[in-house]
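The structure under discussion appears below in the form of structure tokens.
There are 2 protein chains.
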Amino acid sequence: MARAAEPPSGTRDFLANEVRRRKTAFDAIGAVFERYGFDPLETPTFERLEVFAGKLGEEASALIFKILKRGVHEASGEADLALRYDHTVPLARVVGTYGSKLPSPYKRYTIGPVWRADRPAKGRFREFAQCDIDTVGSASPLADAEIVCAVHDGLAALGVPDVQFLVNSRQALRGLLEAYQVEPALGERVLGSLDKLDKLAPEAVCAELVTRGLPSATAESLVADLTTPNTDRVRKQLDTTERGRLGLAEVDRLLELTAGSLPAGRVVFTPRMVRGLDYYTGPIFEVTAPGYPGSIASGGRYDGLVAALGGPDLPACGGSIGVERILAMRPADVTDQRGLDVALTVLGAEETIMSLAAQLRAQGLRTGVYLGSSRKLARQLSWAHDQHARLALIYGPDEQQAHVVTVRNMDSGEQTQVGLAEVAAYASRSRC
Amino acid sequence: MARAAEPPSGTRDFLANEVRRRKTAFDAIGAVFERYGFDPLETPTFERLEVFAGKLGEEASALIFKILKRGVHEASGEADLALRYDHTVPLARVVGTYGSKLPSPYKRYTIGPVWRADRPAKGRFREFAQCDIDTVGSASPLADAEIVCAVHDGLAALGVPDVQFLVNSRQALRGLLEAYQVEPALGERVLGSLDKLDKLAPEAVCAELVTRGLPSATAESLVADLTTPNTDRVRKQLDTTERGRLGLAEVDRLLELTAGSLPAGRVVFTPRMVRGLDYYTGPIFEVTAPGYPGSIASGGRYDGLVAALGGPDLPACGGSIGVERILAMRPADVTDQRGLDVALTVLGAEETIMSLAAQLRAQGLRTGVYLGSSRKLARQLSWAHDQHARLALIYGPDEQQAHVVTVRNMDSGEQTQVGLAEVAAYASRSRC
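Going down the list, the sequences are from chains A and B. Using our numbering, read the first sequence as starting at 1 and increasing by one per residue. Using our numbering, read the second sequence as starting at 433 and increasing by one per residue.
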């Protein structure tokens with residue numbers, strides 16, 4: 001017998017309770033997205049390698065799992081397929097593949113695994129679920145607002161309380177750089193430093209900005225204005241440039257369009273919020289919640305990305321819920337443990353027992369029959385206990401003679417005799 | 433813009449209706465298996481390559497998708513991981529990995545994709561779902577009967593009518609060879625020929641048996657006895673050897689134990705039924721249904737397999753439902769098409785529209801907001817029509833002034849004015 005192996009590094013086996021927990025979570029999010037009129041999409045586990053070529057950048061490309069050619073080509077050591085790295089590249093491919101056969105705009109959600117050959121660490125996996133919602137083909141601010149509201153309701157369905165959407169705009173960020181007269185060449189690096197304001201002390205960020213070449217007076221006023229809860233100063237600055245005004249208008253439109261749908265204070269203009277990814281072109285958001293480290297969801301508008309990924313040139317916006325992060329934070333619920341409704345012991349008359357099981361299952365009761373080799377009742381009741389059974393049924397020689405079944409309440413140990421023909425109805429009624 | 437690419441050969445994109453159809457089917461089967469006390473299991477998409485080594489036979493091994501090593505090892509052209517070929521090898525690994533942490537017996541089901549680099553053909557895919565149910569750690573005939581009943585109910589949940597379980601036993605097959613005095617060396621080849629009796633004419637099988645070395649008198653009586661609907665002759669023959677008697681007892685026990693659960697005539701002793709796979713050790717079954725070609729489910733007892741696959745030496749039995757085959761046979765239902773309950777047109781007052789959408793969604797209504805750029809009502813109503821919307825809401829300047837919403841029934845074209853505050857309740861009530 002070979003040594004029992006663990007699942008491959010960075011992957012997990014999901015046993016019963018974990019499968020149920022994940023399915024419940026994914027179904028809950030899916031139901032929310034369906035209410036918003038989004039359609040599900042499932043793409044293959046792998047795509048042709050060329051679909052990824054030049055799409056992901058060097059760092060991401062190194063993390064792709066590649067599939068070796070098959071048959072006589074295997075010896076070449078070459079790959080022609082690659083596991084899905086995210087749901088965005090396949091989305092762009094699908095929009096290209098099906099074109100006008102898709103609804104316009106195409107509102108889709110995908111909740112499923114992606115694969116990245118990252119170094120495994122606590123909470124970082126090589127196979128993990130991503131939960132994406134995107135609208136391709138609409139430039140309307142209503143589409144951005146809809147994504148924010150859908151992500152909000154998705155998080156609520158997962159039971160995450162008091163979420164806060166930090167909202168900004170790539171236009172506003174560019175306007176900010178202009179307003180504070182940051183040299184264009186320094187722009188991205190300055191934004192990179194500002195992005196750390198949620199983790200580092202203002203002084204540290206200020207120092208870094210200076211190191212990166214920003215005059216210290218500029219660095220100081222930028223950091224001071226961005227760390228004040230009140231955004232009036234920044235708003236006034238943004239108002240001095242056209243880009244800034246455009247960005248501010250985008251942010252304010254998103255605030256207005258979500259105000260009637262979400263509880264007050266859930267969406268907050270956060271001018272220091274950058275979102276690392278440079279493919280965003282319009283409003284962007286990150287979601288935080290008390291007790292959850294970092295962001296638990298994020299998204300924004302990315303009008304050029306679908307075309308850059310090989311799809312048609314369509315405006316798009318979307319969001320992603322960090323389901324793995326959220327699931328990891330929530331302790332396994334006791335109710336996750338799914339016991340049997342009825343455990344049938346077997347002390348002879350097996351045909352009758354099986355027929356009884358069929359009747360119980362027809363009532364929708366989760367029913368197990370003892371499949372071990374012991375003929376001792378105590379041993380079989382211990383199995384019923386291990387199965388977290390609510391009721392155990394005993395149908396021994398005495399019961400057979402009297403045409404009854406002994407029904408044992410596994411919590412109280414109380415036993416009742418019930419007519420053979422009434423057992424299914426009795427067990428069904430006694431369901432809590 | 434790059435050319436829109438198809439999904440990789442042998443794989444499929446599942447668009448909205450197909451995802452819903454598959455999810456409905458898989459959930460229905462899962463609910464049945466849960467009622468039988470089976471637990472879900474999900475293993476990683478790939479396993480270490482060595483988990484498969486020597487487990488699958490040459491033919492199957494050639495069909496494995498292998499994953500190239502990553503990083504600096506990529507250049508070696510070597511693989512270290514492989515996509516799951518079936519759900520049985522991972523099950524054996526899991527039983528080895530978790531041992532006594534699993535319930536005993538371990539009753540599990542898995543419904544999910546497997547990958548095989550088969551030549552794609554109509555109805556044959558390289559990524560396809562398998563639906564397996566297995567009990568590991570029970571030698572009880574009750575376990576075999578439970579699998580048969582669970583598969584039966586799973587097929588019923590898929591809406592497959594009038595299924596028939598063809599039941600046999602590997603012991604009975606060996607007994608059959610003894611009873612008809614087939615030389616041991618010819619055994620497997622004779623069984624291979626008999627396996628074709630469901631496709632070929634008896635004469636053709638008889639001729640093949642003779643070609644394979646069986647005396648023609650033996651071949652004739654064997655084929656004649658196996659093609660008579662009445663099994664009395666075969667039963668009498670099996671009764672002449674100990675193996676035959678054991679096999680017959682296995683079959684009859686399965687018939688008895690399922691008789692009280694399944695409608696009469698659903699389980700039939702079929703002595704000619706072989707099941708190609710030589711790992712079966714006890715009762716075996718194949719399921720047919722009118723209108724479905726070939727078998728739509730199958731299974732049996734395979735006591736040595738878990739150990740042979742690297743797991744502990746435990747008895748086991750299981751079954752598999754051919755979900756892809758069944759899904760392919762069922763025409764897409766019109767009701768699969770999931771339209772919007774409510775489509776909101778947008779002619780201004782966007783904040784109010786978004787807030788209205790939130791109220792409708794809170795009622796559980798699938799609600800879409802027009803996200804296009806046209807401001808023409810006719811164009812927007814045409815979008816609502818494309819979305820298969822039941823109701824369309826219009827909130828233009830007139831409605832705004834009167835604090836009402838025009839609700840249009842998209843089927844009848846009938847329009848009603850409803851107070852702004854009552855719209856959600858109205859739309860919810862009018863749901864069919």
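Each residue gets a CB set at the ideal place from its N, CA and C atoms; glycine is no exception.
If you follow the beta strand (DSSP E) that residue i is part of, which residue opens it and which one closes it?
i, result
"T416(A)", "415-419"
"A511(B)", "511-515"
"S601(B)", "596-601"
"G368(A)", "367-369"
"N841(B)", "836-841"
"G112(A)", "106-115"
"P647(B)", "No beta strand (DSSP E) contains P647(B), which DSSP labels as neither H nor E."
"S298(A)", "297-301"
"S320(A)", "316-321"
"L288(A)", "The identity of residue 288(A) in the sequence shown is Thr, whereas the question assumes Leu. Here the beta strand (DSSP E) through T288(A) covers 283-288."
If you follow the alpha helix (DSSP H) that residue i is part of, which residue opens it and which one closes it?
i, result
"R379(A)", "377-386"
"D564(B)", "No alpha helix (DSSP H) holds D564(B); the beta strand (DSSP E) holding it covers 559-568."
"Y426(A)", "423-429"
"F46(A)", "Unbroken run through F46(A) is the beta strand (DSSP E), 46-48; no alpha helix (DSSP H)."
"F33(A)", "16-35"
Using a Cβ-Cβ cut-off of 6 Å (strictly less than) and excluding sequence neighbours within five positions of residue i, which residues of its own chain qualify?
i, result
"M433(B)", "With a pLDDT of 36 at M433(B), under the threshold of 50, the modelled position of this residue cannot be trusted; read the value that follows with caution. Excluding residues within five positions, none has a Cβ falling inside 6 Å."
"V323(A)", "A129, C131"
Using a Cβ-Cβ cutoff of less than 8 Å, which residues in the same chain neighbour residue i once the five nearest sequence positions on both sides are dropped?
i, result
"V423(A)", "L356, Q359, L360, L393, V405, V407"
"A4(A)", "Bear in mind that the predicted position of A4(A) carries a pLDDT of just 49, short of 50, making it unreliable; the figure below should be weighed with that in mind. Around A4(A): no qualifying Cβ."
"S844(B)", "none"
"L214(A)", "V182, L186, V190, L222"
"E674(B)", "G607"
"R93(A)", "T43, E47, V51, L309, G310, G311"
"T11(A)", "F125, R126, E127"
"E620(B)", "D710"
Which whole-angstrom value describes the C-beta separation of residue i and residue j, a residue pair presumed to lie in contact below a C-beta threshold of 8 Å?
i, j, result
"R685(B)", "Y712(B)", "Not really, about 16 Å apart at Cβ, beyond 8 Å."
"S727(B)", "T720(B)", "6 Å"
"R126(A)", "L194(A)", "At roughly 32 Å, the Cβ-Cβ gap does not stay under 8 Å, so R126(A) and L194(A) are not in contact."
"A748(B)", "M354(A)", "About 19 Å separates the two Cβ atoms, so there is no contact after all."
"R467(B)", "G364(A)", "7 Å"
"M410(A)", "A427(A)", "The pair is not a contact, with the Cβ atoms about 12 Å apart (cut-off 8 Å)."
"T97(A)", "D445(B)", "7 Å"
Can you have a look at residue i and say buried or exposed, based on whether 16 or more other CB atoms are within 10 angstroms of its CB?
i, result
"G310(A)", "buried"
"A589(B)", "buried"
"G750(B)", "buried"
"Q181(A)", "exposed"
"T88(A)", "buried"
"N168(A)", "buried"
"R592(B)", "Checking the sequence, you will find Val at residue 592(B) rather than Arg. Answer is buried; the Cβ neighbour count reaches 16."
"K487(B)", "buried"
"H73(A)", "exposed"
"T848(B)", "exposed"
"E350(A)", "buried"
"A816(B)", "buried"
"A834(B)", "exposed"
"E399(A)", "buried"
Give me, in chain order, the residues of the same chain whose beta-carbon lies closer than 7 Å to that of residue i; leave out the 5 immediate sequence neighbours on both sides.
i, result
"T352(A)", "Y395"
"A514(B)", "F478, E479, L481, F484, I496, F497, K498, I499"
"L166(A)", "V268, T270, M273, F285, E286, T288"
"C638(B)", "A651, E652, V655"
"Q387(A)", "G339, L340, A343, G368"
Let me check you understand the geometry: is the CB of residue i closer than 6 Å to at least one non-hydrogen atom of the ligand PLP?
i, result
"K107(A)", "Inclusion of the ligand PLP in the displayed structure is not the case, the ligand content being empty and no account of it being possible."
Inset, instruction - Give, in chain order, every residue of the region 77-108 of chain A whose Cβ lies closer than 9 Å to some Cβ of chain B. - result: Against chain B - using a Cβ distance shorter than 9 Å - the residues of the region 77-108 of chain A are G77, E78, A79, D80, L81, L83, P90, R93, V94, V95, G96, T97, Y98, G99, K101, L102, P103, S104, P105, K107, R108.
Legend entry - the region 549-567 of chain B: positions lying closer than 9 Å to chain A by Cβ: So the list reads A549, R558, E559, T567, given in the order they occur along the chain.
Inset, instruction - Residues of the region 664-693 of chain B with a CB closer than 8 Å to any CB of chain A: list them in chain order, please. - result: Of all residues in the region 664-693 of chain B, the ones placed with a Cβ closer than 8 Å to any Cβ belonging to chain A are E688, L689, T690, A691, G692, S693, in chain order.
Legend entry - the region 16-27 of chain A: positions lying closer than 7 Å to chain B by Cβ: Answer in chain order: A16, V19, R20.
Legend entry - Chain-ordered residues of the region 461-492 of chain B with a beta carbon less than 7 Å from chain A: Residues of the region 461-492 of chain B with a Cβ closer than 7 Å to any Cβ of chain A, in chain order: E466, R467, Y468, G469, D471, P472, L473, E474, T475, P476, T477, F478, E479, R480, V483.
Inset, instruction - Could you run through the region 805-819 of chain B and flag, in chain order, every residue whose CB is less than 9 Å away from some CB of chain A? - result: Per Cβ criterion, the list reads S805, W815, D818, Q819.
Inset, instruction - With 9 Å as the limit, tell me which residues of the region 583-602 of chain B have their beta carbon closer than that to any beta carbon of chain A; keep them in chain order. - result: For the region 583-602 of chain B, the set of positions with a beta-carbon nearer than 9 Å to some beta-carbon of chain A reads D585 in chain order.
Inset, instruction - Could you run through the region 293-312 of chain A and flag, in chain order, every residue whose CB is less than 8 Å away from some CB of chain B? - result: Those residues of the region 293-312 of chain A that come within reach of chain B (Cβ to Cβ, closer than 8 Å) are A307, G310, G311, P312.
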